[in-house]
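Have a look at the structure below, then the notes.
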Amino acid sequence: MNNINLTIDHIEVSVQPETTLLEAAKKLKIKIPTLCYHEDLCVAGNCRVCVVEQVGADRLLPSCATPVSEGMEILTNSLKVRNARKSVIDLLVSEHRADCTRCYKSEGCELQHLSSEYLIGEDSFIDLVPLKEYTIDYFSPSIIKDDSKCIRCQRCVRTCDQLQDIGALTVAYKGEEMKVSSFFEKPMYEVVCTNCGQCVNRCPTGALIERNYIDEVWTAINNPKKHLVVQTAPAVRVALGEALGMEAGLVVTGKMVAALRRLGFDSVLDTDFTADLTIIEEGNELLQRLKGALVDKNPDVNLPMTTSCSPGWIKYIEHMYPEMLPNVSTAKSPQQMFGALVKTYYANKIKVEPENIVSVSVMPCTAKKYEANRPEMHASGYKDVDLVLTTRELAKMIQQAGIDFEALENEEFDSFMGTSSGAAVIFGATGGVMEAALRTAYEVVTGREVPFDGLNITPVRGMEEVKEATIKIEDTLPEWSFLEGAELKTCVAHGLANAKKVMDKVRSGEASYHFIEVMACPGGCLGGGGQPIPTNAEIRAQRSKAIYEEDAGKPIRKSHDNPEVIKLYEEFLKEPLGHKSHELLHTSYVERNRY
Amino acid sequence: MTEMKNLVKSLADNYGRYHESLLPILQGVVEKKRFLSEEAMVEVAREIDISAAHVFGTASFYSFLNTSPMGEYVVRVCKTITCMMHGKNLIIQELEKQLKIKLGETSHDGKFTLLETNCLGQCHKGPAMLINDTPYTNLTPDKVRDIIQSLKQNDLVSNAATQVN
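Those protein sequence lines, which keep their order, are chains U and L.
In terms of my numbering, the first sequence is residues 1 to 595.
In terms of my numbering, the second sequence is residues 1001 to 1165.
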């Protein structure tokens, strides 16, 4: 098709048909302000802040929702446009509880930026906030929903619908009473919300934020009786820098470790260690299930097996596919395995009473906060993980402590439980758990490394919605001869809307797999609900690149080669899926109401 | 199966299980039950496989899809500007007096609910109100008294008739 020619601010531009005016302007590096628009979501066109003028036309056009047409003359900064935008922003502010200096979102608020950019004064429209009754929902351990700050752009509603296919949020009522609401305005913890936090990542204001535990962590750090243990998830180290003014896609592991020590954590450890452990447990569970199904012909063995590291995915399947819960690996997530070990094995090793340990985790995730609060997560006899911080909260603490993050010298994790393999690092990207599991399972079965160049199992990498890969198993070791010639069928999905597609196919019998990896968030944990804001495909690709670089640079690439994991089995766990493992590292799930 | 499940199922059999079946199904439930309970919305969501929140979103958008229990007679007084100019407030005062409830409430016997509504399209004959599906126009406080009394009377008569039978 022929390109469309038009001018924007008197500059000629030629673009593909169907391009929007907003995209055409972006091509010319002209920035048009937006609020309801988000690159990851469909166009809503409801906020009207992106209006532009078409020369000769009376009405302004929403640039996010208007496709280009031949010969258009567009002005993005005429007086008419400026005045219209100013009124739009002013009206939004008049309905927004603008307590900006006290707001958790504060400098991250897109409305505040625009208000400041367009010089919205104090004496404009009447402040409507005192005249209305707003609900603030503080009851979820993960997410706070504050309707008084909502500008009804509906990014959250579209996120929950399109990216996650859940629909926990909707637009309810109409006119001046219109609001973003859950089912019957119930608190978020009572409805189908998976706590994934993707809405938090996309909310332009402070209407949806993570529940933060920063003060609780500072209090614990300053309690001399307490031994503070911190674990950091794989995806945190490739994104933390962004929240501290660095560019996307930098690995800041060493600086992060240094900063955590400076903050006052006594043991700075690595969730990657238990990611390796997860692979050993989960990989063996998969092999055991395969044996049960193929050799013992046990009808109670459920295949395909799905991963269980993503707490958003777990809550999703509990709500949406409760009949498939037996297919979920019983292995806990790395965070909870870590928590269970910290207050048992590790406490014993460092000679500290478990009740004096405060176990903190830093996660790219808001659902991890909920996971840590699940009643069954007390395997150690104590709450296994006491406090969960997101990447954003850690960045905030580093700022509060006055640390110049970029200037920090790299430091190493403490040992024990600080060593990890490259296989653990890639847990942070979609397909990573699958790749890590295959690196180990293939070797267990055949005694040889996976037949991929440099151990890089590229078919399960990348940002495609659903990835499938089949691995042929040949020349097995004698005890695995029943797998000789078998084709291990795997599937990887990220984002719950994609997970739904896969699960529907599995349920209907249209697809048959042995092993399915699901991560609740787009891109996997690197796009998690606790990661620095903003997020878009480009930023996620940068983080992903960083993760695979970190993997490639690790001296150990396979989970079963992690010397600390090997030692943990020798000293404590004895064998994968053994008695101790079942006690500490495995869990069960509950059926939840779909509505 | 519960009664609600059966009702929703039969409505879905009738209207289909598509997104566009949602409104007629909800209307059908309101016709039978006078309002949409939480249970009803969950059943509808399950039946046509959409999120319960979206069912609630749709239901709460439409004034005539009640989301809380309603009386046998739902009185909706037009609140828009023409009826307002023609003395809507006095009509409401009289209704409150007669029904012994405030705007937005339902009488203790579950007979009457008093609401305001947007324009009924009777501006030339304001003030106007709607009781269930019947419009009443050119209202005066006297007229309102008569209408309410006759509804109450009707009930007494029909109750008496039931008792005799």
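From the three backbone atoms N, C-alpha and C, an ideal C-beta is built for every residue, glycine too.
Bear in mind the structure is a predicted one, so any value in this text is a computation, not a measurement.
Straight-line CA distance for residue i to residue j?
i, j, result
"Asp404(U)", "Ile126(U)", "42 Å"
"Leu303(U)", "Leu240(U)", "37 Å"
"Thr34(U)", "Val1055(L)", "29 Å"
"Thr135(U)", "Met188(U)", "12 Å"
"Tyr37(U)", "Val433(U)", "33 Å"
"Ile1148(L)", "Asn1014(L)", "36 Å"
"Glu190(U)", "Gln154(U)", "21 Å"
"Glu1105(L)", "Leu1022(L)", "28 Å"
"Lys149(U)", "Ser181(U)", "13 Å"
"Asp137(U)", "Trp313(U)", "23 Å"
"Glu1003(L)", "Asn456(U)", "58 Å"
"Phe1035(L)", "Asn1066(L)", "5 Å"
"Ala220(U)", "Ala379(U)", "22 Å"
"Pro311(U)", "Asn284(U)", "21 Å"
"Glu318(U)", "Tyr595(U)", "11 Å"
"Val360(U)", "Met178(U)", "39 Å"
"Tyr118(U)", "Leu92(U)", "13 Å"
"Thr1082(L)", "Ser1150(L)", "27 Å"
Please confirm whether residue i and residue j have their CB atoms less than 8 Å apart.
i, j, result
"Tyr370(U)", "Asn212(U)", "no"
"Pro364(U)", "Leu526(U)", "yes"
"Lys472(U)", "Pro459(U)", "no"
"Val68(U)", "Ile547(U)", "no"
"Tyr635(U)", "Phe1064(L)", "The requested residue 635(U) is not part of the displayed model; chain U covers only 1 to 595."
"Val358(U)", "Asp386(U)", "yes"
"Val55(U)", "Glu73(U)", "yes"
"His1086(L)", "Gly1121(L)", "no"
"Val445(U)", "Leu477(U)", "yes"
"Ile566(U)", "Ala423(U)", "no"
"Glu122(U)", "Val81(U)", "no"
"Ile151(U)", "Thr205(U)", "yes"
"Leu1011(L)", "Thr1058(L)", "no"
"Thr440(U)", "Gly523(U)", "no"
"Val230(U)", "Leu277(U)", "no"
Let me check one thing: in DSSP terms, what residues is residue i bridge-paired to?
i, result
"Ala331(U)", "His586(U)"
"Glu1003(L)", "In DSSP, Glu1003(L) forms no bridge with anything."
"Val51(U)", "Pro62(U)"
"Tyr1073(L)", "Phe1112(L)"
"Leu208(U)", "Lys145(U)"
"Cys1078(L)", "Thr1117(L)"
"His494(U)", "Met519(U)"
"Asp270(U)", "Thr232(U)"
"Leu488(U)", "Ile471(U)"
With respect to the alpha helix (DSSP H) encompassing residue i, which residues constitute its N-terminal and C-terminal limits?
i, result
"Glu117(U)", "Glu110 to Glu117"
"Pro1024(L)", "Leu1022 to Lys1033"
"Val433(U)", "Gly432 to Thr446"
"Met1168(L)", "Absent from the structure is residue 1168(L), since the part of chain L shown begins at 1001 and ends at 1165."
"Ile214(U)", "Ile214 to Ile221"
"Thr1058(L)", "Ala1052 to Phe1061"
"Val93(U)", "Leu79 to Ser94"
Which residue marks the beginning of the beta strand (DSSP E) containing residue i, and which one marks its end?
i, result
"Leu74(U)", "Inspection of the sequence shows that residue 74(U) is occupied by Ile rather than by Leu. Start and end: Glu73 to Leu75."
"His227(U)", "His227 to Thr232"
"Phe515(U)", "Phe515 to Met519"
"Tyr1136(L)", "Thr1134 to Tyr1136"
"Ala258(U)", "Counting along the chain, Ala258(U) falls outside any beta strand (DSSP E), though it belongs to the alpha helix (DSSP H) covering Thr253 to Leu263."
"Ile4(U)", "Ile4 to Ile8"
"Thr390(U)", "Leu387 to Thr390"
"Leu1130(L)", "Met1129 to Ile1131"
"Val596(U)", "The first residue shown for chain U is 1 and the last is 595, placing residue 596(U) beyond what the model contains."
"Lys467(U)", "Val466 to Lys472"
Taking CB distances under 8 Å as the criterion, tell me whether residue i reaches chain C.
i, result
"Thr159(U)", "No chain C appears in the structure shown, which is made up of the protein chains U and L."
At least three beta-carbon pairs within less than 8 Å, the region 538-558 of chain U to the region 314-328 of chain U: no
Cβ pair count under 8 Å reaching 3, the region 531-538 of chain U against the region 197-213 of chain U: Between the region 531-538 of chain U and the region 197-213 of chain U there are three or more inter-stretch CB-CB distances shorter than 8 Å, so the stretches are counted as touching.
Stretch-stretch touch, CB-based, cutoff 8 Å, three pairs: the region 47-63 of chain U with the region 86-98 of chain U: yes
Cβ pair count under 8 Å reaching 3, the region 412-423 of chain U against the region 556-568 of chain U: Judged by Cβ distances under 8 Å, the region 412-423 of chain U makes contact with the region 556-568 of chain U, as three or more pairs qualify.
Cβ contact check for the region 408-416 of chain U and the region 1017-1030 of chain L: 3 or more pairs under 8 Å: Contact fails: fewer than three Cβ-Cβ distances are below 8 Å.
Three or more C-beta pairs below 8 Å linking the region 109-117 of chain U and the region 159-172 of chain U: no
Contact between the region 1082-1091 of chain L and the region 1031-1046 of chain L (3+ Cβ pairs under 8 Å): no
Segment contact flag, the region 1124-1144 of chain L with the region 1077-1084 of chain L, C-beta cutoff 8 Å, min 3 pairs: Touching, yes, given that three or more Cβ pairs across the two stretches are closer than 8 Å.
Segment contact flag, the region 291-299 of chain U with the region 340-359 of chain U, C-beta cutoff 8 Å, min 3 pairs: These segments do not touch.
Three CB pairs or more closer than 8 Å across the region 284-295 of chain U and the region 247-258 of chain U: no
Meets three-Cβ-pair contact criterion under 8 Å: the region 478-497 of chain U and the region 508-526 of chain U: yes
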